[in-house]
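Undergrad: So in UniProt numbering, spot 129 of the sequence shown is number 129, and the numbers just go up one at a time. Ideal Cβ positions, reconstructed from N, Cα and C, are used throughout, including at glycine.
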Amino acid sequence: MKDFLFLIKREFKKMATNSVVMAIFFGAPILYGLLLGVVYEKGSAVDLPILVVDLDQTALSSKVIDLLDDNEVLVVELVKYDNEYLEELVKSDQYKAVVTIPDRFEADILQKRNPEVTVGINTANIVTANYSARGIQYVMKTLQVGVEVEAMKKAGIPTAAAMDQYEPFSVNYERYYNETANYMRFLWPGMIGTIIQQVFLLAVALTFAREFEESSWHEVVSVTRSPLKIIAVKIVPFLITGLFVLASLAVMFPLFDIPLANNLWALCVALMAFILPVIFLGILVSLAIPNQLKATEILMVIATPSFVLSGFTWPLSQMPAGVAFIGKLIPLTHFLEAFRELSFYGSGLQDIMPEIKILLLMALVLGVLSYGVVYYRINSSRVKPEKQIG
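#1: Can you give, in chain order, each stretch of the beta strand (DSSP E) that sits fully within the segment 105–151 and has at least 3 residues?
#2: Under 6 Å Cβ to Cβ from residue 290, same chain only, skipping five residues before and after it: list those, please.
#3: Suppose only complete runs of 4+ residues qualify. What are the alpha helix (DSSP H) ranges in the segment 53–87, listed by chain order?
#4: Using DSSP bridges, identify the partner residues of residue 171.
#5: Give me the Cα-Cα distance between residue 383 and residue 268, rounded to the nearest whole angstrom.
#6: Is it buried or exposed, residue 10, if we count other Cβ atoms within 10 angstroms and call 16 or more buried?
#7: Quick check on residue 100: does DSSP put it in helix, strand or coil?
#8: With burial defined as no fewer than 16 other Cβ atoms inside 10 Å of the residue's Cβ, what is the status of residue 254: buried or exposed?
#9: Please report the residue range of the alpha helix (DSSP H) in which residue 225 lies.
#10: Taking C-alpha atoms, which residue in 80, 136, 34 and 39 lies nearest to residue 72?
#11: Please go through the same chain and pick out, in chain order, the residues whose beta-carbon is closer than 8 Å to the beta-carbon of residue 327, but skip the five residues on each side of it.
#12: Are there three or more Cβ pairs, one per stretch, closer than 8 Å when the segment 90–100 is compared with the segment 108–122?
#13: Nearest-angstrom Cα distance between residue 112 and residue 337?
#14: Short check: CB of residue 331 to CB of residue 259, under 8 Å?
#15: DSSP three-state label for residue 50, please.
#16: Going along the chain, which residues of its own chain have a beta-carbon closer than 6 Å to the beta-carbon of residue 346, five neighbours each way excluded?
#17: Determine the contact status of residue 76 and residue 50, defining contact as a CB-CB distance below 8 Å.
#18: If I measure Cβ to Cβ from residue 122 and keep anything under 7 Å in the same chain, skipping five residues before and after, which residues do I get?
#19: Relative to the C-alpha of residue 66, which candidate in 30, 189 and 143 has its C-alpha closest?
#20: Can you find the residues in the same chain that come closer than 8 Å, C-beta to C-beta, to residue 206, ignoring five residues on each side of it along the sequence?
#21: Note down, in chain order, each residue of its chain lying with its Cβ closer than 7 Å to the Cβ of residue 373, except the 5 sequence neighbours on either side.
#22: List the residues that DSSP assigns as beta-bridge partners of residue 176.
#23: Only counting the same chain, and skipping five residues up and downstream in sequence, which positions put a Cβ closer than 6 Å to that of residue 47?
#24: Which term fits residue 190, buried or exposed, when burial requires 16 or more other beta carbons within 10 angstroms of its beta carbon?
#25: Go ahead and label residue 36 buried or exposed: buried means 16 or more other beta carbons lie within 10 angstroms of its beta carbon, across all protein chains shown.
#26: Around the C-beta of residue 139, are 16 or more other C-beta atoms found within 10 angstroms, so that it is buried, or is it exposed?
#27: List the endpoints of the continuous alpha helix (DSSP H) containing residue 288.
#28: Give the single residue among 220, 215, 204 and 56 whose Cα lies nearest to the Cα of residue 236.
#29: Is it buried or exposed for residue 172, if we count other Cβ within 10 angstroms and need 16 for buried?
#30: CB-CB under 8 Å to residue 385, same chain, minus the five flanking residues each way: which ones, in chain order?
#31: Helix, strand or coil, according to DSSP, for residue 370 in the structure here?
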């Protein structure tokens, strides 16, 4: 028993002296708990942007628009008076729904012709699609009852009888981009992007840390003291072997009947723009903390909440401004946005250029920082170059 207690005491001492373990064991649950609480604090989505096409332009159609805008879940960001460029607007401005009020809407209601309001729901994100659909459905049902009650009053019929009458207008709901609201199709691209990030981030981080752990850094420096060459030497093998990883992941899309992006060239450009900042981040952490275990632990702490903060499921617009800002600093956020546009909207390279530019800017910043740390490590080494290449 004394031996057991001695070993227990010993383990507590070792745990207390391991700063990384203490930080992860006590800090991570608190940090992640607070982070998730802040991200989902609202509990429900509000102010989701929708587009209204008013082909009627009457007092009643204006009332419909006002009711939609007054709903706490919705905000009417744009009112159009024609059907032109609707698809382009939905893709570019990320409207969660399109409500089309038909021509002669008010007149047909007065003549009891039962006009039809068309509601197109953007189901590329099932979470926001459900909220926007419920908000619009509530408004339309309220309006239907209100119009019928008003008609009953004018006809001298008791208000209570309105509920037993036919609906003054019908509502046709359509789904865009993920027509079956398939949860697998919605979530799969996001999870694949997260896997790609983890694979490259951790693999690259270990390759530099291993050099220092095995005291083999001098072998690299003895051949070349060029930071660019050293970084290139470490990156190229992962870019080449990474092609096989990406190919194996791509095969899984048809395997599970998930459509891949139609524009494969644009997807390849987006992948390369995404992988570069991820690799440079791995290099930076690996050089700053030249220990495989500690580098892995720290990168896992950084990478674990990245999917939640990416806005892929819960929109960035619904998060506090500070948290949303942090989410925008993560490469995964911008890659998943580009991936969604390519996969669901059938967009091309030009459509995802804003995301590509942000990813390349991140790669540039992290690349310069990595260069600086490699330069410092080279100059802090006492090994003189024995052989210079190029």
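TA: This is what the structure holds:
#1: 116–122
#2: 209 and 212
#3: 59–70
#4: 117
#5: For residue 383, the predicted model reports a pLDDT of 46, less than 50, meaning its position is unreliable and no value from the coordinates is stated.
#6: exposed
#7: The three-state secondary structure of residue 100, taken from DSSP, is strand.
#8: exposed
#9: Here residue 225 belongs to no alpha helix (DSSP H), and DSSP marks it neither H nor E.
#10: Looking from the CA of residue 72, the closest CA among 80, 136, 34 and 39 belongs to 136.
#11: 309, 310, 311, 316, 319 and 333
#12: With a cut-off of 8 Å, the segment 108–122 and the segment 90–100 count as touching, because enough Cβ pairs lie within range.
#13: 45 Å
#14: no
#15: strand
#16: 262
#17: yes
#18: 90, 95, 96, 97, 129, 176 and 177
#19: 143
#20: Here residue 206 has 286, 292, 295 and 296 as same chain residues with Cβ atoms under 8 Å from its own Cβ, once five neighbours each way along the sequence are excluded.
#21: 284, 287 and 288
#22: 122
#23: 75
#24: buried
#25: Residue 36 is classed as exposed because its beta carbon has fewer than 16 other beta carbons within 10 Å across all chains shown.
#26: buried
#27: 264–288
#28: Closest by C-alpha distance to residue 236, out of 220, 215, 204 and 56, is 204.
#29: exposed
#30: Because the pLDDT at residue 385 is just 48, under 50, the model does not fix this residue reliably, and the point stays unresolved.
#31: The DSSP-derived three-state label of residue 370 is helix.
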